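Residue numbers (our numbering): 1087 to 1201.
1. Can you tell me where the alpha helix (DSSP H) with residue 1183 in it begins and where it stops?
2. Assuming the contact rule is C-beta atoms closer than 8 angstroms, residue 1168 and residue 1155 should be a hit. Round their C-beta distance to whole Å, please.
3. Residue 1200 and residue 1131 - do their beta-carbons sit closer together than 9 angstroms?
4. Which residues mark the beginning and the end of the alpha helix (DSSP H) in which residue 1104 is found?
5. Quick one: give me the first and last residue of the alpha helix (DSSP H) that residue 1139 is part of.
6. Quick one: grab the DSSP three-state call for residue 1186.
7. Report yes if the C-beta distance between residue 1109 and residue 1183 is below 9 angstroms; otherwise report no.
8. If you reduce the DSSP assignment to three classes, tell me which class residue 1124 lands in.
9. Taking the C-alpha atoms as reference points, what is the distance between residue 1119 and residue 1174?
10. Figure out for me which residue from 1159, 1171, 1138, 1161 has the closest Cα to the Cα of residue 1153.
11. Does residue 1116 come out as helix, strand or coil in the three-state DSSP assignment?
12. With a cut-off of 9 angstroms, does the C-beta of residue 1198 fall near any C-beta of chain C?
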């Protein structure tokens, strides 16, 4: 950006332009079995990231409880929260936010949690 600004002349103002696309909200129910599988993937990821330090399963359960993610009726918002806890960087979350359906979202969540 700085190079472009210098080429066009620094005496001129530079404006940033962006395109915003609204994506429909996913309002489908998350099957409990799928949710439990994703929580297990999240636990495995956290344990692997912490290696060589040991992480107790009870600590992970406490973290899920702290973020109110222990549920029998998971929603898409729960998936987003779990992804936020498992993401290595904000860039990891972009594909999650771009999903258009639950069928599209679940594999993206799995990919994030397997990284």
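All residues carry an ideal CB built from backbone N, CA and C; glycine is no exception. This structure is a prediction, so every number in the text was calculated from the model and none was measured.
Once the coordinates are examined:
1. From DSSP, the alpha helix (DSSP H) with residue 1183 extends over 1180-1183.
2. Sure, about 6 angstroms apart at Cβ, within 8 angstroms.
3. A Cβ-Cβ contact shorter than 9 angstroms links residue 1131 with residue 1200.
4. From DSSP, residue 1104 is part of no alpha helix (DSSP H); its letter is neither H nor E.
5. Unbroken run through residue 1139: none, as it is neither H nor E.
6. Per DSSP, reduced to three states, the secondary structure at residue 1186 is coil, with no helix or strand assignment.
7. Cβ distance < 9 angstroms, so residue 1109 and residue 1183 count as in contact.
8. Correct three-state label for residue 1124: helix.
9. If you take the alpha carbons of residue 1119 and residue 1174, they lie about 25 angstroms apart.
10. Restricting attention to 1159, 1171, 1138, 1161, the CA atom closest to the CA of residue 1153 is found in 1171.
11. It is coil, neither helix nor strand.
12. Chain labels in this structure do not include chain C; a single protein chain is all it has.
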